[in-house]
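Enquirer:
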Amino acid sequence: MRSFLALAALGVLGAVLVVAVTGLEPFGHYPGPYGDVLAKVVPDERHTGQLVAATVFDYRAFDTLGEEMILFAAVCGCAALLRVLRSEHEEGEGAPARPVPSFAARAMGAALVGPVMVLGAYVVVHGHLTPGGGFSGGVVVAGALLLAYAGGQGLRLRRVGSITLLEGTEALGAAGFLALALAGLIAAGTLLKNFLALGTSGMLLSAGTIPVGNVAVGLEVAGAVALVFAEFLEQALLEDPE
Amino acid sequence: MSLLAYLVAVWLFVVGIYGVVTSRHLVHLVMCLSVAQASTYVLLLGIGYRKGGQAPIFGDIPTSTPVVDPVVQALALTDVVVGATVSALLLALAVQAHKRFGSVDPDELNALRG
Amino acid sequence: MALASLAVVVPLVTAALLAGTTSLHARRVADVVALTAAAATAGLCLALVTRSSDHAIVAWLGGWRPRGGVALGIDLYAEPLSAGLAGFAALLTVAGLLVAWHQVDTAGHLFHALVLTFLAGMVGFCLSGDLFTAFVFFELMSVSAYALAGFRVEERAPVEGSLSFAVTNSIGSLMLLVGIALIYGRTGALNLAQIGAALGGHSPDALVAVAFALVTCGFFVKAAIVPFHFWMADAYAVAPTSICLLFAGAMSELGLYGVARVYWTAFAGPLGPHAEALRDVLLVLGLATALLGGVMCAAQRHLKRLAAFATVAHMGILLCGIALLSDAGLAGVAVFVVGDGLVKASLFVSVGALEHRRGSVDEAALYGRGRELKALGTVFAIAGLALAALPPFGPFLGRAMIEDAATKEGLGWIAPILVVASALVGGGVLRVVRTVFLGRGAVPPRHPACREAVAEETDLARGRTPSPTIATGTTLLVLGLAWGLVPGLIDAATHAAARFTDHAGYAASVLRGTAASAPAPAGEAPTAAAWLYGLASGVLAVAFALLRTMPEGPLRALHSGRIGDYVAWTAVGAAAIASVFALTLA
Amino acid sequence: MTFLQATCLVVVALLGTLVVFTRDPLRQAAVTGIFGLGLAALFLAVQAPDVALSQIAIGAIVVPVLVLLAMAKIREHDE
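Chains as they are written, first to last, in this note's numbering: chain A, 1 to 242; chain B, 1 to 114; chain C, 1 to 586; chain D, 1 to 79.
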């Protein structure tokens with residue numbers, strides 16, 4: 001009954017949407033003007049050729065601010081929803097040990113942590129020159145932390161205090177991006193306004209606040225993703241209350 | 001042919017929602033939602049594409065080269081993050097639902113009705 | 001200039017600081033810091049209201065002003081109505097945090113951080129002059145809200161309610177985003193004023209109509225307009241009391257604000273010639289929502305669900321006010337939002353207090369057990385009468401202005417329907433006074449949803465109601481009652497609404513930086529007919545309260561609690577609205 | 001539209017459908033990962049390398065890992 005209702009409704013909705021999209025310019029004929037204006041002004045005004053980075057971290061930086069805060073709120077939300085309640089408890093000492101990864105797997109994991117971490121950092125700091133940036137790079141760094149875990153080096157997250165550390169990193173990244181936005185307000189009179197020297201296009205230290213924003217976002221994303229991984233892992237290790 | 005990208009977007013949207021309606025497993029439901037979410041990426045990038053345009057990064061190409069729209073890419077980036085965060089939250093809720101109800105069938109969650 | 005930016009950034013910075021120090025366990029410090037931030041946000045928004053009383057404040061973030069009519073960056077746009085709504089949300093946040101003062105489990109400072117990101121989302125959404133930015137902050141609000149609704153994870157109901165909430169609202173957000181993408185594909189613009197300029201002057205085609213339909217549906221999901229309303233009772237019944245009052249008083253209203261904002265900035269030009277058709281569709285939806293919400297409210301035995309369906313009914317009344325597409329109607333909506341929001345927030349606080357004192361929210365289980373709680377019973381009774389729009393309180397003034405505006409448009413016949421809807425809501429609340437606080441009359445049957453054990457939200461086990469809760473609940477109610485008596489309110493609201501609907505002035509102030517000279521029409525006090533309608537709905541509410549059972553028909557069975565059903569209805573609603581818009585507006 | 005783009009679009013549509021109709025969540029997690037990579041390929045084909053990288057990070061790392069962790073929790077009692 002429900003699926004028939006849904007089929008009929010979605011059939012109609014799909015048909016209406018098809019009619020609507022026929023009103024769009026044909027594929028391959030972007031009408032502008034927004035993107036074209038940006039393509040014209042960014043290289044001179046922002047000293048970077050990475051139009052997407054300039055859009056994300058300057059012209060539409062407020063969206064990115066909101067996006068980072070969505071990520072932040074979601075991480076707070078996951079941490080709150082998965083918090084360990086008093087009625088629950090961690091596996092006791094006598095609980096069966098989880099299978100230990102083989103030596104080869106651990107060695108592989110450990111050997112990869114460093115290079116993957118470096119790769120992530122590289123992607124983050126080159127965000128104003130090449131594709132990638134804070135978001136992709138941050139996830140890669142979080143992936144490195146996961147590898148470290150898979151390598152058997154970070155068991156018992158809560159006890160080691162790494163969750164607190166990750167929380168701190170995440171909040172620091174979020175606060176960092178907010179601070180960058182506020183610095184624009186203080187130094188240049190407008191929220192999110194660039195206040196750093198633009199430098200020479202193509203150099204690592206150029207494009208003003210864009211690379212700084214990338215680093216802040218990278219920190220936040222790395223902390224956030226790793227934190228969510230940690231929360232889910234901790235749940236998987238919990239005993240359910242019966 | 002010029003409509004293919006948009007039609008694929010419409011299809012993903014519709015089929016994703018159909019999956020959500022008929023889903024019998026919360027984790028499956030979350031994945032269906034992400035399929036519907038993917039329709040917005042395809043639609044946005046399809047709209048911003050320009051025939052023969054290069055990626056909007058003037059590194060090795062002169063700044064007079066025609067490029068595809070950077071704005072939709074910025075929007076899609078935000079969209080990807082939003083989709084992922086919602087998935088993470090829903091998965092956290094699915095884990096809790098399993099703890100409280102002993103089931104992940106959305107039709108067997110029955111604490112509320114009427 | 002900086003005021004608008006700070007109103008968004010202050011709660012966000014505070015949230016980041018609180019979350020970063022979550023392991024310090026300094027609970028009262030977190031309470032005070034969060035309260036200060038929310039109060040500061042409210043102050044900033046109210047300062048924006050006064051500063052923008054002559055001409056709107058446009059803040060171009062990053063300093064990127066538009067060139068040749070093309071917006072390069074994002075603007076925040078503050079005028080009395082938008083800044084006022086943001087300020088109202090901030091005030092309710094202060095109230096919510098006060099109610100949460102004695103909430104036991106706040107998961108470190110995560111609860112406070114989430115409340116503040118929720119607030120920042122609402123403020124950013126209200127002030128955004130850019131369609132996609134509005135979407136981003138709408139999502140910030142939503143994501144925080146999902147987590148807050150499910151905050152009491154130790155129980156079953158919050159998990160289920162939060163899941164329904166998150167899934168249906170995510171689908172709403174998707175529709176909104178598809179609509180935004182379609183608009184961008186047509187205009188190449190995201191700035192609302194620029195979209196309005198690009199769309200204006202062309203007669204709308206299917207693309208424009210469907211895009212507007214999808215944006216509207218996305219907002220309607222949040223506003224719980226029929227048939228997108230199913231999730232609302234489930235989410236509101238399970239959230240902590242402190243959050244319920246924010247949801248009912250501010251979040252739902254923001255959905256309708258979104259529709260109004262997008263219509264009057266971007267679509268009023270192209271859709272203007274089809275305003276009649278649009279009005280009919282919105283009116284049908286509004287009246288259906290008002291009646292369904294009223295019937296379901298009166299049929300409830302679960303007090304939090306009762307309050308939630310009261311919200312649904314009032315969303316319907318608000319939509320009717322917007323549907324008139326007139327300044328006078330919108331002015332009534334603005335007045336109603338505040339008056340009704342305050343009273344409803346106080347009702348949620350009172351239900352929370354009752355739950356705290358008697359350990360239940362089931363009317364049957366509570367029968368006669370509220371006899372000693374005289375003060376609380378009085379609050380319930382006054383709230384019931386005010387929600388029934390009895391003159392001269394806040395909700396009455398708003399509804400009266402909507403009714404008079406409707407009469408002016410030749411739609412006087414909707415007034416009696418709104419009377420019935422309000423009376424059903426007020427009757428439901430007054431019936432609770434009869435059964436719980438007076439212990440008179442028929443015993444209501446038990447409600448299946450009430451069998452859930454009610455966990456303690458506060459650490460004072462069944463003792464007195466915490467004094468911050470009493471103070472907050474009473475203050476909210478008194479403010480809601482007094483709202484109808486504020487001198488000059490009608491003129492101010494009418495002026496603000498005229499500014500809000502002036503799309504040419506909006507475009508000029510955003511794209512060309514000229515201070516629009518807004519027309520300043522005088523408002524009109526409620527007519528005798530509106531007073532009579534107000535009295536009638538008060539009397540009718542008392543009559544409903546005395547009835548043994550309320551007719552509910554098969555409606556209740558539709559509210560099955562199943563996510564799949566809810567999403568199916570969402571698809572039905574979207575398909576219907578999109579096809580009707582495509583046929584009549586294009 | 002180039003042949004590459006058309007192919008990617010069709011593949012993405014098929015994989016998306018497959019995700020919806022794969023009812024076993026563990027198998028679905030794998031299909032979702034492939035769907036995510038398909039999307040990334042499509043994004044590269046329409047000159048959106050930034051989005052493609054994010055999509056790989058999300059679609060191939062974050063979401064599948066979260067699904068597997070959630071399933072690890074959920075399945076522990078079903079066995």
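Positions of the beta carbon are idealized from the N, C-alpha and C atoms, including for glycine.
Just confirm the distance between the C-beta atoms of C:Ser-142 and C:Tyr-566, as a whole number of angstroms; I'd bet it's less than 8 Å.
Expert: That pair is no contact at about 16 Å.
Enquirer: Measuring only the C-alpha atoms, how far is C:Gly-20 from B:Ala-92?
Expert: Approximately 21 Å, taken between the alpha carbons.
Enquirer: Compute every distance between the C-beta of C:Lys-344 and the non-hydrogen atoms of the ligand ADP, then say whether any falls below 8 Å.
Expert: The model on display carries no ligand, and the ligand ADP is accordingly not part of it.
Enquirer: Who are the near neighbours of C:Ala-40 in its chain, counting only those whose CB is closer than 8 Å to its CB and skipping five residues on each side?
Expert: Cβ neighbours of C:Ala-40 beyond the five flanking positions: Val-10.
Enquirer: Measure the CB-CB distance between C:Leu-319 and C:Gly-359 and report whether it falls below 9 Å.
Expert: Cβ distance not < 9 Å, so C:Leu-319 and C:Gly-359 don't count as in contact.
Enquirer: Can you look up C:Ser-128 in the DSSP assignment and give me helix, strand or coil?
Expert: Note: C:Ser-128 maps to strand in three-state DSSP.
Enquirer: Given a threshold of 16 other Cβ atoms within 10 Å of its Cβ, counted over all protein chains shown, does A:Glu-170 qualify as buried or as exposed?
Expert: The residue in question, A:Glu-170, is buried, as its Cβ has 16 or more Cβ neighbours within 10 Å.
Enquirer: In chain B, which residues lie less than 7 Å from C:Ile-577 when you measure between Cβ atoms?
Expert: Within 7 Å Cβ-Cβ: nothing; C:Ile-577 doesn't reach chain B, min ~15 Å.
Enquirer: Determine the DSSP secondary structure at B:Ile-61, reduced to helix, strand or coil.
Expert: If DSSP states are grouped into helix, strand and coil, B:Ile-61 belongs with coil.
Enquirer: Output the distance between the C-alpha atoms of C:Leu-46 and C:Leu-148, rounded to the nearest integer angstrom.
Expert: So the two alpha carbons sit approximately 26 Å from each other.
Enquirer: Anything in chain B within Cβ reach of A:Val-56, meaning under 7 Å, just list it in chain order.
Expert: The answer, in chain order, is Ala-74, Leu-77.
Enquirer: Using three-state DSSP, classify A:Asn-194 as helix, strand or coil.
Expert: A:Asn-194 falls in the coil class under three-state DSSP.
Enquirer: Have a look at C:Pro-468 and C:Leu-98 and give me their C-alpha separation to the nearest angstrom.
Expert: Taking the straight line from one Cα to the other gives about 6 Å.
Enquirer: Consider the Cβ of A:Arg-158: report whether some Cβ of chain B lies at a distance smaller than 9 Å.
Expert: Note that A:Arg-158 scores a pLDDT of 47, beneath 50, so its modelled location is shaky; the value from the coordinates is reported in the next line. Answer no: the Cβ-Cβ gap between A:Arg-158 and chain B never drops below 9 Å.
Enquirer: Under a three-way DSSP split, which group does C:Asn-191 fall into?
Expert: C:Asn-191 falls in the strand class under three-state DSSP.
Enquirer: For a contact defined as C-beta to C-beta under 8 Å, what are the partners of A:Ile-70 on chain B?
Expert: Those within 8 Å of A:Ile-70 in chain B are Val-81, Val-82, Thr-85.
Enquirer: Give the list of continuous alpha helix (DSSP H) stretches no shorter than 4 residues that lie fully inside the region 4–59 of chain B.
Expert: Entirely contained in the region 4–59 of chain B, the alpha helix (DSSP H) runs reaching 4 residues are, in chain order, 4–22, 26–48.
Enquirer: Looking at C-alpha atoms only, which residue of A:Arg-2, A:Leu-119, A:Gly-143, A:Gly-202 is the closest neighbour of A:Pro-43?
Expert: Out of A:Arg-2, A:Leu-119, A:Gly-143, A:Gly-202, A:Gly-202 has the C-alpha closest to the C-alpha of A:Pro-43.
Enquirer: Alpha carbons only, please: which of C:Pro-204, C:Ala-90, C:Tyr-236 is nearest the one belonging to C:Glu-160?
Expert: The option with the nearest alpha carbon to C:Glu-160 is C:Tyr-236.
Enquirer: Does DSSP classify C:His-202 as helix, strand or coil?
Expert: Here C:His-202 sits in coil by DSSP.
Enquirer: Quick one: give me the first and last residue of the beta strand (DSSP E) that C:Asp-75 is part of.
Expert: 75–78 is the extent of the beta strand (DSSP E) around C:Asp-75.
Enquirer: Let me know if C:Arg-512 comes out buried or exposed under the rule of 16 or more other beta-carbons within 10 Å of its beta-carbon.
Expert: That one is exposed.
Enquirer: Quick one, which residues of the region 7–24 of chain B are near chain A if we go by CB-CB under 8 Å, in chain order?
Expert: So the close ones are Leu-7, Ala-9, Val-10, Trp-11, Phe-13, Val-14, Ile-17, Tyr-18, Val-21, Thr-22.
Enquirer: Give every residue of the same chain whose Cβ lies closer than 6 Å to the Cβ of A:Ala-222, excluding the five residues on either side of it in the sequence, and list them in chain order.
Expert: Hits under 6 Å: Gly-138, Val-141, Ala-142.
Enquirer: Give the interface partners of C:Gly-564 over in chain A, defined as CB-CB distance under 7 Å, in chain order.
Expert: Per Cβ cutoff of 7 Å: Arg-2.
Enquirer: What does a CB cutoff of less than 7 Å around D:Thr-22 pick up in its chain, not counting 5 residues either side in sequence?
Expert: Excluding residues within five positions, the ones whose Cβ falls inside 7 Å are Gln-28, Val-31.
Enquirer: Can you say whether B:Leu-12 is buried or exposed, counting buried as having 16 or more other CB atoms within 10 angstroms of its CB?
Expert: Counting Cβ neighbours within 10 Å, B:Leu-12 comes out buried, since at least 16 surround it.
Enquirer: From D:Gly-16 to B:Glu-108, what does the alpha carbon distance come to, in whole angstroms?
Expert: Rounded to the nearest angstrom, the two C-alpha atoms are 26 Å apart.
Enquirer: Three-state secondary structure (DSSP) at B:Val-86?
Expert: Looking at B:Val-86 - three-state DSSP - the assignment turns out to be helix.
Enquirer: Since C:Ser-170 meets chain A, which of its residues come closer than 9 Å, beta carbon to beta carbon?
Expert: Within 9 Å Cβ-Cβ: nothing; C:Ser-170 doesn't reach chain A, min ~12 Å.
Enquirer: Considering only C-alpha positions, which residue in the set C:Gly-370, C:Ala-375, C:Thr-14, C:Ala-423 is nearest to C:Gly-385?
Expert: It should be noted that the sequence gives Leu, not Gly, for residue 385 of chain C. Ranking C:Gly-370, C:Ala-375, C:Thr-14, C:Ala-423 by Cα distance to C:Leu-385 puts C:Ala-423 first.
Enquirer: Using a 10 Å radius around the Cβ and a threshold of 16 neighbouring Cβ atoms, would you call A:Val-160 buried or exposed?
Expert: With a pLDDT of 45 at A:Val-160, under the threshold of 50, the modelled position of that residue is not reliable, and no figure is offered here.
Enquirer: With a cut-off of 8 Å on the beta carbons, I'd call C:Ser-303 and C:Leu-354 a contact; round off their distance for me.
Expert: Here residue 303 of chain C turns out to be Leu, not Ser, going by the sequence shown. Indeed, because the Cβ distance is near 7 Å, the residues count as touching under 8 Å.
Enquirer: When the Cα of C:Ala-568 is compared with those of B:Asp-60, B:Thr-22, B:Gly-83, B:Leu-3, which residue comes out closest?
Expert: Checked all of B:Asp-60, B:Thr-22, B:Gly-83, B:Leu-3; the closest Cα to C:Ala-568 is B:Thr-22.
Enquirer: For a contact meaning CB atoms closer than 7 Å, what does B:Val-96 contact in chain A?
Expert: In the sequence as displayed, the identity of residue 96 of chain B is Gln instead of Val. Within 7 Å Cβ-Cβ: Leu-81.
Enquirer: When you compare the CB of A:Pro-131 with every CB in chain D, is at least one pair closer than 9 Å?
Expert: Yes, because at least one Cβ of chain D sits closer than 9 Å to the Cβ of A:Pro-131.
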